[in-house]
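Engineer: The structure's right below; bear with me while I get my questions together.
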Amino acid sequence: MSEYAYFPGCSLRATGMAYEKSLLEVFRILGLKLNEIEDWNCCGATSYMSIDEDAAFVLSARNLALAAKQGASEVVAPCSACYLVLRKTEDYATRYPTIRKRVDEALQIAELPPIDWMKVRHPVEVLFNDVGVGMVKAKTVRKWQGGKLACYYGCQMLRPYYETDRPQDPIRMDELMHAAGATTIQWALKTKCCGGSLTGTIREVGVRLNEILIAEAVRKGAEAIVTCCPLCQFNLDAYQREMNGGRGYDIPILYFTQVLGWALGADRDKLGFQHSIAGGKVLKQWFPAREEVMANA
Amino acid sequence: MIQISRTMKYQQEAVPEWSEQLRELPGCERVFSCIQCGTCSGTCPLSIYMDYTPRRIIQLIREGFKTEALSSNTIWLCASCYSCAAHCPQDIHLTDVMYALKQQAIKEGLYPKHLPIPVLAREFYEGVKRNGRNSEFWVVLRFALKSNPLLLLKMAGSGLDLMRTGRLSLKSERIKDIEGLRRELEAPREVAR
Numbered sequence: 146m147s148e149y150a151y152f153p154g155c156s157l158r159a160t161g162m163a164y165e166k167s168l169l170e171v172f173r174i175l176g177l178k179l180n181e182i183e184d185w186n187c188c189g190a191t192s193y194m195s196i197d198e199d200a201a202f203v204l205s206a207r208n209l210a211l212a213a214k215q216g217a218s219e220v221v222a223p224c225s226a227c228y229l230v231l232r233k234t235e236d237y238a239t240r241y242p243t244i245r246k247r248v249d250e251a252l253q254i255a256e257l258p259p260i261d262w263m264k265v266r267h268p269v270e271v272l273f274n275d276v277g278v279g280m281v282k283a284k285t286v287r288k289w290q291g292g293k294l295a296c297y298y299g300c301q302m303l304r305p306y307y308e309t310d311r312p313q314d315p316i317r318m319d320e321l322m323h324a325a326g327a328t329t330i331q332w333a334l335k336t337k338c339c340g341g342s343l344t345g346t347i348r349e350v351g352v353r354l355n356e357i358l359i360a361e362a363v364r365k366g367a368e369a370i371v372t373c374c375p376l377c378q379f380n381l382d383a384y385q386r387e388m389n390g391g392r393g394y395d396i397p398i399l400y401f402t403q404v405l406g407w408a409l410g411a412d413r414d415k416l417g418f419q420h421s422i423a424g425g426k427v428l429k430q431w432f433p434a435r436e437e438v439m440a441n442a
Numbered sequence: 343m344i345q346i347s348r349t350m351k352y353q354q355e356a357v358p359e360w361s362e363q364l365r366e367l368p369g370c371e372r373v374f375s376c377i378q379c380g381t382c383s384g385t386c387p388l389s390i391y392m393d394y395t396p397r398r399i400i401q402l403i404r405e406g407f408k409t410e411a412l413s414s415n416t417i418w419l420c421a422s423c424y425s426c427a428a429h430c431p432q433d434i435h436l437t438d439v440m441y442a443l444k445q446q447a448i449k450e451g452l453y454p455k456h457l458p459i460p461v462l463a464r465e466f467y468e469g470v471k472r473n474g475r476n477s478e479f480w481v482v483l484r485f486a487l488k489s490n491p492l493l494l495l496k497m498a499g500s501g502l503d504l505m506r507t508g509r510l511s512l513k514s515e516r517i518k519d520i521e522g523l524r525r526e527l528e529a530p531r532e533v534a535r
């Protein structure tokens, strides 16, 4: 059985709770073990990097060192921002001796081991490579009854490390959705940024970026958007009322793990659909409560 | 007599030493290899809102126009999506350059004071120092009170939605070893930059 250290990050304990619930279910069903990093701290996201880069690397190094202390050699970080900051720390500490020195000194103060080598991974890539699309498909027990999906990859899980998928035209989340029995649309904006925290700071700009994404997904025939990052999900989900010239949208914004969990036969209650803001009616149709589990012929 | 004002900077107002120092920073090594093709600006989802497009920021850096680069809104609008870095034919890590500029703008107090983005970054930063983890709710609340309390009215709708769907967590988690983390963050910085 594959085992990984698990870095949930702050969002998965708040606005992104549906992601954590569904992720844990999917990993459990597929027989992958996630060991939460004991006493993990916030990754610092883009904000820490904007103010004090040294401190930002120290924050992430502590998490990597704690994972190493638990005996792990791989960390799974579901939030794209967490994934990137951890990955970047590993990279920069390897390439720049000044950063390595600063980080090692800080870890020494906390009596933590120096970070040696820790592989940072995103769950889309873990499921694709360690389980495989074929195995996921073989384990599905429900037939997909929903509509067409648009897979939205966003930015930081793809760039600048290119390890999770093809950077310009990613396909792995689409293939996982196909394994779950769903059809996905092809669209050019699947890697266009949602603006991150701009919806909170310069709201008009942030909402506009997300409106462009939703409008295009709808125009291409998608009935829901599938995400793999808590910030993307939140931005696309929470502001739909203000879009479309005030008429609004009502499109479900799912996590890829919710769709997978459903196909793999998880309890509806364990997948966090109740935390969705938009598209409630569609969600009830696609993921009915107490649905008879049908064998996938 | 006709009054005309100069719209361009003269070379002698530039700070070339600054460019030389900047290119030494991690991730900024390749700024001088820019060919000014504009691919970064074309692929940037936010360039239409920026006072200097990403391409122009690089040129400001290379010419040594420090104040212009550091006080631009560009560096704060950058959402770190790395699209520019991924597409750059010269392999310039422009997103990392933007981070270096943000750090300097904060240090030198040159960031645009009307922009709420540095305020959010600061609140986020303080939140981690306080608790080791961030509560989205408290960071956003503090940020709104400090930048523009009217924002709270605008946020009320989505706040209620979050509450209704059980996603608004008011509790603030603190890590066990917060003292250790603070010591790590404040460790003496012997490393010369």
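Chains A and B supply the protein sequences, listed in that same order.
For this note's numbering, add 145 to where a residue sits in the first sequence, where the first one is 1.
For this note's numbering, add 342 to where a residue sits in the second sequence, where the first one is 1.
For glycine and all other residues, C-beta sits at the position ideal for the given N, C-alpha and C.
Count Cβ pairs between the stretch 230-242 of chain A and the stretch 157-164 of chain A that sit closer than 8 Å; are there 3 or more?
Structural biologist: no
Engineer: Given a limit of 9 Å on CB to CB distance, which residues of the stretch 335-347 of chain A reach chain B?
Structural biologist: Listed in sequence order: T336, K337, C338, C339, G340, G341, S342, L343, T344, G345, T346, I347.
Engineer: With a floor of 3 residues, list each beta strand (DSSP E) that falls wholly inside the stretch 378-438 of chain A, ordered by position along the chain.
Structural biologist: 398-400
Engineer: Could you name the residues of chain A that L495 of chain B contacts, counting a contact when the two beta carbons are closer than 9 Å?
Structural biologist: Near L495 of chain B there are no residues of chain A at all, since even the closest Cβ is about 11 Å away, more than 9 Å.
Engineer: Does the CB of G393 of chain A have a neighbour CB from chain B at under 9 Å?
Structural biologist: no
Engineer: Under 8 Å by Cβ, that's how I've got A324 of chain A and V281 of chain A pegged, so tell me the actual separation to the nearest angstrom.
Structural biologist: 4 Å
Engineer: Alpha carbon to alpha carbon, how far is P454 of chain B from G366 of chain A?
Structural biologist: Using only the alpha carbons, I get a separation of about 42 Å.
Engineer: In whole angstroms, what separates the C-alpha of A440 of chain A from that of A434 of chain A?
Structural biologist: At A440 of chain A, the pLDDT of 48 sits below 50, so the modelled position is not reliable; the number obtained from the coordinates is stated separately. Those two C-alpha atoms are separated by around 17 Å.
Engineer: With DSSP as the reference, please indicate the residues paired to V265 of chain A in a beta bridge.
Structural biologist: A:V220
Engineer: Check this for me: beta carbons of C187 of chain A and Y298 of chain A, under 9 Å apart or not?
Structural biologist: C187 of chain A is not a Cβ neighbour of Y298 of chain A, given a cutoff of 9 Å.
Engineer: Please confirm if A498 of chain B has its CB atom under 9 Å from at least one CB of chain A.
Structural biologist: Cβ-Cβ to chain A under 9 Å: no for A498 of chain B.
Engineer: So, for L457 of chain B: in the same chain, excluding its five sequence neighbours on each side, which residues have a beta-carbon less than 8 Å away from its beta-carbon?
Structural biologist: N415, W418
Engineer: Here's the rule: buried if 16 or more other CB atoms are within 10 angstroms of the residue's CB, otherwise exposed. What is N355 of chain A?
Structural biologist: buried
Engineer: Between the Cα of F479 of chain B and the Cα atoms of B:I459, B:K513, B:Y467, which residue gives the shortest distance?
Structural biologist: B:K513
Engineer: Answer yes or no: does any C-beta atom of chain A fall closer than 9 Å to that of C423 of chain B?
Structural biologist: yes
Engineer: Which residues in chain B have a C-beta closer than 9 Å to the C-beta of P153 of chain A? List them in chain order.
Structural biologist: Here the premise fails: no neighbours, minimum Cβ distance about 10 Å.
Engineer: Residues of chain B with CB under 8 Å from Q301 of chain A, in chain order?
Structural biologist: S422, C423, Y424
Engineer: What is the C-beta distance between A442 of chain B and R304 of chain A, in whole angstroms, given that I count them as a contact (C-beta under 8 Å)?
Structural biologist: The pair is not a contact, with the Cβ atoms about 18 Å apart (cut-off 8 Å).
Engineer: When you compare each of A:Y394, A:Q215, A:W407 to E426 of chain A by their alpha carbons, which one comes out closest?
Structural biologist: Here residue 426 of chain A is Lys; the residue named in the question, Glu, does not match the sequence. The shortest C-alpha separation from K426 of chain A is found at A:Y394.
Engineer: Within the same chain, show all residues whose beta-carbon is closer than 8 Å to that of K284 of chain A, passing over the 5 residues directly before and after it, in chain order.
Structural biologist: I174, L175, L409
Engineer: Does the distance from the C-beta atom of K538 of chain B to that of R398 of chain B stay below 9 Å?
Structural biologist: Residue 538 of chain B cannot be examined here, being either before or after the span of chain B that is shown, 343 to 535.
Engineer: DSSP on C155 of chain A, reduced to helix/strand/coil?
Structural biologist: coil
Engineer: Closer than 7 Å by beta-carbon distance: list the chain B residues that pair up with C187 of chain A, in chain order.
Structural biologist: V470, G474, R475, N476
Engineer: Step through the CB atoms of chain B and report whether any lies within less than 9 Å of the CB of I196 of chain A.
Structural biologist: yes
Engineer: Hey, quick one: how far does the alpha helix (DSSP H) through I377 of chain B stretch, first residue to last?
Structural biologist: That residue, I377 of chain B, is in no alpha helix (DSSP H); it is neither H nor E in DSSP.
Engineer: With 16 as the cutoff for other CB atoms within 10 Å, does V271 of chain A come out buried or exposed?
Structural biologist: buried
Engineer: Please classify T239 of chain A as buried or exposed, where buried requires at least 16 other C-beta atoms within 10 Å of its C-beta.
Structural biologist: exposed
Engineer: For the alpha helix (DSSP H) that contains T191 of chain A, what are its first and last residues?
Structural biologist: 190-196
Engineer: Please classify P258 of chain A as buried or exposed, where buried requires at least 16 other C-beta atoms within 10 Å of its C-beta.
Structural biologist: exposed
Engineer: Does the beta carbon of E362 of chain B come closer than 9 Å to any beta carbon on chain A?
Structural biologist: no
Engineer: Determine whether the Cβ of I398 of chain A lies closer than 9 Å to any Cβ atom of chain B.
Structural biologist: no
Engineer: Using a cut-off of 8 Å between C-beta atoms, extract the partners of E526 of chain B located in chain A.
Structural biologist: Here the neighbours are V203, R207, A251, L252, I254, A255.
Engineer: When the cut-off is 9 Å and only beta carbons count, does K488 of chain B lie next to chain A?
Structural biologist: no
Engineer: Among the residues of its own chain, which have a CB less than 6 Å from the CB of Q403 of chain A, if the five just before and after it don't count?
Structural biologist: S167, L416
Engineer: Check whether the Cβ atoms of D412 of chain A and E170 of chain A sit closer than 9 Å, and answer yes or no.
Structural biologist: Cβ distance < 9 Å, so D412 of chain A and E170 of chain A count as in contact.
Engineer: One question on the structure: do S195 of chain A and Q445 of chain B come within less than 9 Å of each other, judged by their Cβ atoms?
Structural biologist: yes
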